[in-house]
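Trainee: Numbering (this note's numbering), first residue to last: 0 to 253.
We treat Cβ as the ideally placed atom computed from N, Cα and C, and that holds for glycine.
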Amino acid sequence: MEKLVNAPVVSLSLEEGRSIPDLNTKLEQSRTQANALYEAIQSGKINNPELLTLAEAWDAPIILELNLAASLKNLALLSELVGEPGNDSQEPTLFGFLAKVSERNDSLKAESQKLAVLLDDWNGLGESVLDRAIVNSQKQVLVLNEYPGGDQLLQPTKTSQDQKLNLKNLVFNLQALLGLNRQILAINAGESVRALWLEEGSIIFRGVITNPSAVISQTVPLKFYLPRELKTEDILTLDPSLETHYDTTEEALF
Numbered sequence: 000m001e002k003l004v005n006a007p008v009v010s011l012s013l014e015e016g017r018s019i020p021d022l023n024t025k026l027e028q029s030r031t032q033a034n035a036l037y038e039a040i041q042s043g044k045i046n047n048p049e050l051l052t053l054a055e056a057w058d059a060p061i062i063l064e065l066n067l068a069a070s071l072k073n074l075a076l077l078s079e080l081v082g083e084p085g086n087d088s089q090e091p092t093l094f095g096f097l098a099k100v101s102e103r104n105d106s107l108k109a110e111s112q113k114l115a116v117l118l119d120d121w122n123g124l125g126e127s128v129l130d131r132a133i134v135n136s137q138k139q140v141l142v143l144n145e146y147p148g149g150d151q152l153l154q155p156t157k158t159s160q161d162q163k164l165n166l167k168n169l170v171f172n173l174q175a176l177l178g179l180n181r182q183i184l185a186i187n188a189g190e191s192v193r194a195l196w197l198e199e200g201s202i203i204f205r206g207v208i209t210n211p212s213a214v215i216s217q218t219v220p221l222k223f224y225l226p227r228e229l230k231t232e233d234i235l236t237l238d239p240s241l242e243t244h245y246d247t248t249e250e251a252l253f
């Protein structure tokens, strides 16, 4: 049984909650490694450095299969699993996997852009028009979603008498869920997914941090960093279970 040693301290901030790692760079690097692996196999060689780098980047079955084939020195199986540079997203190969990730990211971005357009035109759109558009978008987002419990994440923390405000908060939650799905693609294997957003009409921040371990459950301290411009005197009340400190490295209260 794996035992947790030196439990991590998880941090989250407004700035960090908005950011998504650059998936395009990760994909480009992985394509370069896949091409090097492909060329090595054509020469009858097994390139372990590329396999190790890919394993650090992706937590996916195809990567596990590739490393198993390499450990068995099964060049024929390795060649089959790597595939061809021109493989499309339907192929069960490394190149097919990278193509599928790219297509999935494009779909997630497209849905996010549709929601952004809705928010830009919000004041000029009637409630019935917004309701139809958001219901359709919600269906599509849930089809794309691979984040566990994503449908529950869409439920508002608070509901308002203002139905248009409820719809806007649903849009924010849909955007957050799309962002979480893009993060899952963009982060390296073993890293934690995290996000933070605000629902309008309240002072409630919603946050998500995933457990990076697939084999152990963990209870760890959480550091929530406040915006740098906030000072101790700006905090009006504090729950008895919480305390504030100043981080000299981040130059912010947490």
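By Cβ distance, which residues of its chain are closer than 6 Å to ALA194, with the 5 residues on each side in sequence left out?
Mentor: Around ALA194: GLY16, ALA175, GLY178, LEU179, VAL207.
Trainee: Which of helix, strand or coil does DSSP assign to ALA185?
Mentor: Helix.
Trainee: Can you check which of these residues, GLU228, LEU71, GLU199, LEU197, is closest to ALA251 by C-alpha distance?
Mentor: Looking at the Cα atoms, GLU228 is the closest of the given residues.
Trainee: Per DSSP, what are the beta-bridge partners of GLY206 in this structure?
Mentor: Beta-bridge pairing links GLY206 to LEU195.
Trainee: Indicate the three-state DSSP secondary structure (helix, strand or coil) for ASP246 in the structure shown.
Mentor: Strand, per DSSP.
Trainee: Tell me the start and end of each unbroken alpha helix (DSSP H) in the region 32-100 that is at least 4 residues and wholly inside, in chain order.
Mentor: As far as the region 32-100 is concerned, its whole alpha helix (DSSP H) runs of at least 4 residues are 47-56, 60-70, 74-81.
Trainee: Quick check on the DSSP output: the alpha helix (DSSP H) that includes GLU126 runs from which residue to which?
Mentor: Segment 126-143, the alpha helix (DSSP H) holding GLU126.
Trainee: Can you tell me whether DSSP reads LEU3 as helix, strand or coil?
Mentor: Confidence is the limiting factor: at LEU3 the pLDDT is only 41, short of 50, which leaves the residue's position unreliable, though a coordinate-based value still follows. LEU3: coil per DSSP, three-state reduction.
Trainee: Among TYR37, LEU164, ASN172, which has the Cα closest to the Cα of GLN151?
Mentor: Among TYR37, LEU164, ASN172, the Cα nearest to that of GLN151 belongs to ASN172.
Trainee: Counting only the same chain and skipping the five closest in sequence on each side, list residues whose C-beta sits under 7 Å from that of PRO211.
Mentor: Excluding residues within five positions, the ones whose Cβ falls inside 7 Å are GLY189, GLU190, SER191.
Trainee: Please return the same chain residues whose Cβ sits closer than 8 Å to the Cβ of ALA59, not counting the five positions on each side in sequence.
Mentor: Excluding positions up to five away in sequence, the list reads PHE96.
Trainee: Using a Cβ-Cβ cut-off of 7 Å (strictly less than) and excluding sequence neighbours within five positions of GLU90, which residues of its own chain qualify?
Mentor: Closer than 7 Å at Cβ, skipping near neighbours: GLY82.
Trainee: Taking contact to mean 3 or more Cβ pairs, one atom from each stretch, closer than 8 Å, check whether the region 121-131 and the region 64-84 are in contact.
Mentor: The region 121-131, when compared against the region 64-84, does not touch it at the 8 Å Cβ threshold.
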